[in-house]
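**Q** Chains as they are written, first to last, in our numbering: chain A, 647 to 1215; chain B, 10 to 305. All C-beta atoms in this analysis are idealised placements derived from N, C-alpha and C, irrespective of residue type, glycine included. Take a look at this one; I'll ask things after.
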């Protein structure tokens, strides 16, 4: 009997590995941690009216749906997603009981669960949704209006962070002047896709860091042909591409964290597929149907045919796998690659020297990345829920006390957590830490409201970053504390390109219009299919022109008009 | 048998099955009305706006509709043919095998993939057909350029059908083998005495003996003409092969569960159900006519 049980366990363990191997990444949550420490002035006891941190007299229960990470093992023995240090803290501070009505693994599964909840009109009290879901729920009249609650209950810290987005965050949740959900605010670093490259391979083959797309192609060619991993086999990939179900480029709906996309190559041609741009006549145009995209596709097609881009892009189940295995030389992603997938890569090969650059440059010699909306996740409250203000109280508490939490239990266990980070968190942290290393600042000088991990970072940086401080190569890092390494490597290596000058390109809108709700899926499919086929050589480059016409015909023009209408407002 | 009390508890045993059927098959049929509505989950199926055939009109405007209809039927028909013929031939071959132990072993081994889910099998297949996978390894050995199989829209349906037949033929073989055991051995003896060769015995004793089973299986599989296998294709396809690999079920999944177009997805699903229903009625008629198969 015991043996049977054991086998059962092993089977489950194997299954878990398989499941997570398939399900991880791409939707990998941005680890850029939420922000804001205690806002210095502790709110003095206000009378009952509207206290952002007020404790309820009688216990209030929240029924929530929670996204979880199936591989997470950070909960101590005996604790559960419903009863852990965070929920106990909430109970203690607010007298709020957490009840999880369903959980699903983060990403696709979670989205699907929310979609089902919407369709069956069986919503939890509080739920985190994306833009499309938010729109659907507002249309279905399923959500509570949070305008008043927000005014009364949002803590100054949260209001401050939201203000810093210059209206972008509030715009995303504004429906006819009503605030229908609470928007998150993420650091700008998530939006900028930089070039990650194996510096040790470059050095070995005596190559320079490629500045332009042509140089990039030359380096990729060398990576493929000159056996940079030295195993006498032609088994290396020049540039990694997206995995099955991944996106070739970010778009206005999912505008950040498109790891393994080919965005920087498009940007180098001043092509911004998936984004809404201002046309020559000042009217909005859709980025994907612009002639620059054709140029970029032509180049990508040429590079793919020459074997410089992963042959199995968009078919591979896990794009990170060749990076981890030391078989890929270049990929594109945001700053936080030090959290994933690089830790596994350097465990495999401690000399894998991944460095990030704000490259390749466009024809004007500038780096012109597309930028994201700071708000892509929303905390929504079910219509008819008696205590809509609980949503704000939970977030107030999170932002105030996050610095005091023991984050060895992942913050994902905080009920319905959405990220609040100052937009410049990464750049500011990097600057401050450099000053700490230079000795011009002490960790205790860095207790600045909003940047809650800064002091902790400053304390760890001298242990983790080895001299010389001006070099970021992998041999100048101490990897004993992988947690600290992940964060600091992300900030020093991934954050460095963020300090450089760039031409930011924003989409005119980051949310869907009415016609898009029913037509966009079809248009997007048309686009993905056409672009992939062109790049991978299954369709001629000229099919791009066909696509432009089809796109316009299949209600694309109508959508464009609606965007023009929406932007005017 | 006239004892009524005796019959009653048989009906009682039927109850769980009936409850299941009503809850999970009949009640959800109410949802069909969504196909004729602009379904709004907040209002539910009773109050959502009625838009008649609007969804169907849009559905037929989409260039996708024709593609997925064709793909579904094409892949399903190939699967039906493959799943009838391959196991039949295999069963006949296995039946001629004299060494019983060997026969049992083979039977069990070919039966194994049937128990693996497509989620797992598709992962394995993706690796097998990968650019550096074993199949391409073999091709390069013979001097052929490696092929990116799963990106080739022209090959995808055959990979799907081939792998499905490979997965299921062991199971279907068993059905045929069962039919083969029901053939009276006296017939073989008589044929042997009359001087029939092995091939002749196969042709004139074995094949006629299992014709009813073949016809029955063939006719019943008609009801599956619109089932091209969601879980298999969903786990194996990618945008590059949408043109030949996207089927009704995967399309409905994307429209309804990923893109929240509930009404459109329902309309497509309803169309599929209606066509399937007609086919099942036809297949039942044919089955009762040619194979004496009756439920009622």
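Identify each residue in the segment 1181-1196 of chain A for which the Cβ-Cβ distance to at least one residue of chain B is less than 7 Å, and report them in chain order.
**A** Cβ contacts with chain B: 1182 and 1184.
**Q** Cβ of residue 844 of chain A within 8 Å of Cβ of residue 1000 of chain A?
**A** One-based indexing of the first chain puts residue 844 of chain A at position 198. One-based indexing of the first chain puts residue 1000 of chain A at position 354. Yes; because the gap between Cβ atoms is below 8 Å, this pair is in contact.
**Q** Residues of chain E with a CB under 8 Å from the CB of residue 1157 of chain A: which are they?
**A** Reference to chain E is not applicable here, since the protein chains of this structure are A and B.
**Q** Using only CA atoms, which one of B:189, B:51 and B:203 lies nearest to residue 221 of chain B?
**A** Start at 1 with the first residue of the second chain, and residue 221 of chain B comes out as number 212. Answer by Cα proximity: B:189.
**Q** So does the segment 735-754 of chain A actually touch the segment 706-718 of chain A, counting three or more Cβ pairs closer than 8 Å?
**A** The segment 735-754 of chain A is in contact with the segment 706-718 of chain A.
**Q** Using a 10 Å radius around the Cβ and a threshold of 16 neighbouring Cβ atoms, would you call residue 809 of chain A buried or exposed?
**A** Locating residue 809 of chain A in the first chain gives position 163, counting from the first residue. Label assigned to residue 809 of chain A: exposed.
**Q** What residues in its chain sit with their C-beta under 6 Å from that of residue 1203 of chain A, if we drop five residues either side in the sequence?
**A** Numbered from its first residue, the first chain carries residue 1203 of chain A at position 557. So no residue of the chain qualifies.
**Q** Tell me whether residue 974 of chain A sits in a helix, a strand or coil according to DSSP, three-state version.
**A** Position 328 of the first chain, counted from the first residue, corresponds to residue 974 of chain A. Reduced to three states, the DSSP call for residue 974 of chain A is strand.
**Q** By how many angstroms is the C-alpha of residue 971 of chain A removed from the C-alpha of residue 1157 of chain A?
**A** Taking the first residue of the first chain as 1, we reach residue 1157 of chain A at position 511. Taking the first residue of the first chain as 1, we reach residue 971 of chain A at position 325. For residue 1157 of chain A and residue 971 of chain A, the distance between alpha carbons rounds to 38 Å.
**Q** What does a CB cutoff of less than 7 Å around residue 21 of chain B pick up in its chain, not counting 5 residues either side in sequence?
**A** By 1-based counting over the second chain, the position of residue 21 of chain B is 12. The answer is none, since no qualifying residue turns up.
**Q** Does DSSP put residue 26 of chain B in a helix, a strand or coil?
**A** Numbered from 1 along the second chain, position 17 holds the residue referred to as residue 26 of chain B. Helix, per DSSP.
**Q** Mind checking whether residue 177 of chain B and residue 92 of chain B have CB atoms under 8 Å apart?
**A** Residue 177 of chain B sits at position 168 when you count from the first residue of the second chain. Residue 92 of chain B sits at position 83 when you count from the first residue of the second chain. Yes, they are a contact pair.
**Q** Using the three-state DSSP reduction, which class does residue 1164 of chain A fall into: helix, strand or coil?
**A** As a first step, residue 1164 of chain A must be located in the first chain, where it is residue number 518. The answer is helix: DSSP assigns residue 1164 of chain A an H, G or I state.
**Q** With 16 as the cutoff for other CB atoms within 10 Å, does residue 702 of chain A come out buried or exposed?
**A** On the first chain, residue 702 of chain A is found 56 positions in, with the first residue counted as 1. Looking at its Cβ environment, which holds fewer than 16 other Cβ atoms inside 10 Å, residue 702 of chain A is exposed.
**Q** Looking at residue 911 of chain A and residue 946 of chain A, is the spacing between their C-beta atoms short of 8 Å?
**A** By 1-based counting over the first chain, the position of residue 946 of chain A is 300. By 1-based counting over the first chain, the position of residue 911 of chain A is 265. Contact: yes.
**Q** Please list, in chain order, the residues of the segment 735-768 of chain A that have any C-beta partner in chain B closer than 8 Å.
**A** For the segment 735-768 of chain A, which is checked against every Cβ of chain B, the residues closer than 8 Å are 757, 758, 761, 762, 764, 765, 766 and 767.
**Q** Let me see if you follow: with CB-CB separation under 8 Å, is residue 249 of chain B close to chain A or not?
**A** Within the second chain, residue 249 of chain B is the residue found at index 240, counting from 1. By this cut-off, residue 249 of chain B is an interface position.
**Q** State buried or exposed for residue 790 of chain A, treating a residue as buried only when at least 16 other CB atoms are found within 10 Å of its CB.
**A** Numbered from 1 along the first chain, position 144 holds the residue referred to as residue 790 of chain A. Looking at its Cβ environment, which holds 16 or more other Cβ atoms inside 10 Å, residue 790 of chain A is buried.
**Q** Mind checking if residue 1167 of chain A is an interface residue toward chain B, Cβ cutoff 8 Å exclusive?
**A** For the purposes of this step, residue 1167 of chain A is taken as residue 521 along the first chain, with counting starting at 1. With 8 Å as the cut-off, residue 1167 of chain A counts as an interface residue toward chain B.
**Q** Any idea if residue 924 of chain A is buried or exposed, counting beta-carbon neighbours within 10 angstroms, 16 or more meaning buried?
**A** In the first chain, counting from the first residue as 1, residue 924 of chain A sits at position 278. Answer is exposed; the Cβ neighbour count stays below 16.
**Q** Verify the CB distance criterion: does residue 885 of chain A have a CB-CB separation below 8 Å to chain B?
**A** Taking the first chain and counting its residues from 1, one reaches residue 885 of chain A at position 239. No, residue 885 of chain A does not count as interfacial toward chain B.
**Q** Quick one: does residue 140 of chain B have its CB under 8 Å from some CB of chain A?
**A** Residue mapping note: residue 140 of chain B aligns to position 131 of the second chain, counting from 1. Answer yes: the Cβ-Cβ gap between residue 140 of chain B and chain A drops below 8 Å somewhere.
**Q** May I have the straight-line CA-CA distance separating residue 59 of chain B from residue 42 of chain B, to the nearest angstrom?
**A** Taking the second chain and counting its residues from 1, the one referred to as residue 59 of chain B is at position 50. Taking the second chain and counting its residues from 1, the one referred to as residue 42 of chain B is at position 33. Approximately 9 Å, taken between the alpha carbons.
**Q** To the nearest angstrom, how far is it from the Cα of residue 733 of chain A to the Cα of residue 1022 of chain A?
**A** Numbered from 1 along the first chain, position 87 holds the residue referred to as residue 733 of chain A. Numbered from 1 along the first chain, position 376 holds the residue referred to as residue 1022 of chain A. For residue 733 of chain A and residue 1022 of chain A, the distance between alpha carbons rounds to 25 Å.
**Q** Leaving out five residues before and five after residue 281 of chain B in sequence, what residues of the same chain have Cβ atoms less than 7 Å from its Cβ?
**A** Stepping through the second chain from its first residue, residue 281 of chain B is reached at position 272. Hits under 7 Å: 235 and 257.
**Q** Return no unless some Cβ of chain B is closer than 8 Å to the Cβ of residue 786 of chain A.
**A** As a working mapping, residue 786 of chain A is identified with position 140 in the first chain. With 8 Å as the cut-off, residue 786 of chain A counts as an interface residue toward chain B.
**Q** Enumerated in chain order, which unbroken segments of the alpha helix (DSSP H) with a length of 4 residues or greater are wholly contained in the segment 126-167 of chain B?
**A** Qualifying alpha helix (DSSP H) stretches, in chain order: 127-137 and 143-150.
**Q** What's the C-alpha gap between residue 823 of chain A and residue 764 of chain A?
**A** Position 177 of the first chain, counted from the first residue, corresponds to residue 823 of chain A. Position 118 of the first chain, counted from the first residue, corresponds to residue 764 of chain A. Using only the alpha carbons, I get a separation of about 23 Å.
**Q** Name the DSSP bridge partner or partners of residue 1055 of chain A?
**A** Working through the first chain from its first residue, we reach residue 1055 of chain A at position 409. DSSP, once it has assigned bridges, lists no residue as partnering residue 1055 of chain A.
**Q** Quick one: what does DSSP say residue 773 of chain A is sitting in, helix, strand or coil?
**A** Position 127 of the first chain, counting from 1, holds the residue named residue 773 of chain A. Residue 773 of chain A: strand per DSSP, three-state reduction.
**Q** Between which two residues does the beta strand (DSSP E) carrying residue 1002 of chain A extend?
**A** On the first chain, position 356 is the one that residue 1002 of chain A refers to. That run of the beta strand (DSSP E) goes 1000-1003.
**Q** Three or more beta-carbon pairs under 8 Å between the segment 872-884 of chain A and the segment 973-988 of chain A, yes or no?
**A** Yes: at least three Cβ pairs fall under 8 Å.
**Q** Excluding sequence positions up to five away, which residues of its chain have a Cβ less than 6 Å from the Cβ of residue 837 of chain A?
**A** Within the first chain, numbered from 1, the residue matching residue 837 of chain A stands at position 191. These residues qualify, in order along the chain: 902, 1017 and 1018.
**Q** Please list, in chain order, the chain A residues whose beta carbon lies closer than 7 Å to that of residue 37 of chain B.
**A** Start at 1 with the first residue of the second chain, and residue 37 of chain B comes out as number 28. None at all; the shortest Cβ gap to chain A is about 11 Å.
**Q** Helix, strand or coil for residue 1066 of chain A, going by three-state DSSP, please let me know.
**A** Here residue 1066 of chain A corresponds to residue number 420 of the first chain, with the count starting at 1. If DSSP states are grouped into helix, strand and coil, residue 1066 of chain A belongs with the strands.
**Q** Identify the contact partners of residue 270 of chain B in chain A, using a Cβ-Cβ distance below 7 Å as the criterion.
**A** The count along the second chain starts at 1 and reaches residue 270 of chain B at position 261. Within 7 Å Cβ-Cβ: 1164 and 1167.
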